[in-house]
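Residue numbering for the sequence shown follows UniProt numbering, beginning at 1 and increasing consecutively.
Working notes, beginning with the structure itself.
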Amino acid sequence: MLELPTRHVHLWCLTMDCSPFDLAFWASLLCADERVRADRLRHQRDRRFFIWYRGNVRRILASYCGSAPQALRFRTGRFGKPELADPFDMHQLRFSISHSGNRLAIAIVRASEVGVDIEQIRPMPDLPDLVDSVFSGREQSLFRSLEESSRLPTFFSVWAQKEAYLKARGLGLNRPPRDIDVGLFPVEGAGLIRDGWDSSATKQWSLMAWPPVQSYATALAVEGQHWRIDHMAEDSLPL
Ligand SMILES: CC(C)(COP(=O)(O)OP(=O)(O)OC[C@H]1O[C@@H](n2cnc3c(N)ncnc32)[C@H](O)[C@@H]1OP(=O)(O)O)[C@@H](O)C(=O)NCCC(=O)NCCS
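This is the structure we're talking about:
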């Protein structure tokens with residue numbers, strides 16, 4: 001069973017590498033609802049990716065609960081944030097997942113809220129409109145002063161930070177992203193500068209970002225300060 005010490009975040013970042021044989025294994029870990037959701041996906045690529053990442057989410061979370069991946073049960077919060085259901089909630093694990101391109105990120109902590117987001121950096125033809133609708137006034141003016149070449153990675157880093165924070169709070173996009181002000185990483189430090197709905201949030205939440213790795217922007221939000229982040233490798237999973 002994997003140990004998760006308090007004040008540690010376990011961050012898993014996996015890249016899909018899945019033969020047809022592997023796919024049958026991942027599919028065998030899913031529950032009936034997940035299989036139905038997979039079957040509804042029209043494109044084979046999306047179906048394979050769904051089966052692969054859901055199988056991995058189950059395998060990883062199960063290794064902290066000491067149970068079989070197939071046995072795990074989930075419930076969702078008011079706006080859809082998933083959590084472990086009884087009896088698996090006794091471990092006080094909180095997790096967040098994100099998938100983009102061919103990557104999956106999972107962040108796991110004990111007894112605090114957490115949100116993770118990974119975004120494949122891809123061309124956005126409607127970038128100026130998106131910036132207008134999701135960036136705060138401060139972010140918009142700084143963004144417009146950036147050189148063209150750094151705009152796309154900065155956009156996705158800002159977006160990932162906002163989503164990670166909103167996911168940590170279980171809100172998804174039910175609060176306007178432009179009401180949240182974050183650092184324009186990498187031109188300035190990442191972090192929560194202001195939440196227009198909660199003046200105490202800056203002190204209560206940690207928000208971090210990573211330099212784009214092979215065209216992906218990643219961000220992590222955790223409730224409280226002084227977290228240690230452990231980047232987890234697949235070989236740390238029990239067989
Ligand atoms: C939660 C939300 C923010 C997910 O965003 P996303 O980037 O599409 O997807 P991610 O891969 O990062 O996260 C998906 C996971 O978030 C989790 N999730 C869903 N609702 C959530 C909520 N309210 N709070 C926290 N987590 C939530 C689920 O685990 C979900 O996994 P699933 O797809 O297997 O069900 C979603 O509410 C949303 O509305 N997304 C729109 C994104 C968008 O407009 N992006 C434009 C980028 S320019």
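Quick reminder that beta carbons are idealized off the backbone N, C-alpha and C, glycines included.
Query: Three-way DSSP call (helix, strand, coil) for M1 in this model; Result: coil
Query: C-alpha gap between R144 and D126, whole angstroms; Result: 15 Å
Query: Coil, strand or helix - H91 by DSSP; Result: helix
Query: The region 217 to 227 / the region 155 to 163 touching (three or more Cβ pairs under 8 Å); Result: yes
Query: Beta-carbon proximity of A168 to F185, cut-off 8 Å; Result: no
Query: Collapsed DSSP secondary structure at F155 in the structure displayed; Result: helix
Query: Distance cut-off 7 Å: D89 Cβ against heavy atoms of ligand 1; Result: no
Query: Contact test: K167 Cβ vs ligand 1 heavy atom, cutoff 7 Å; Result: yes
Query: Rounded distance between the beta-carbons of I60 and W12, thought under 8 Å; Result: 6 Å
Query: Coil, strand or helix - R73 by DSSP; Result: coil
Query: Option in M1, D181, Q225 with minimal Cα separation from S67; Result: M1
Query: Presumed contact (8 Å Cβ cut-off) between A85 and R73, rounded CB distance; Result: 4 Å
Query: Whole-Å CB distance - L14 paired with L104, under 8 Å assumed; Result: 5 Å
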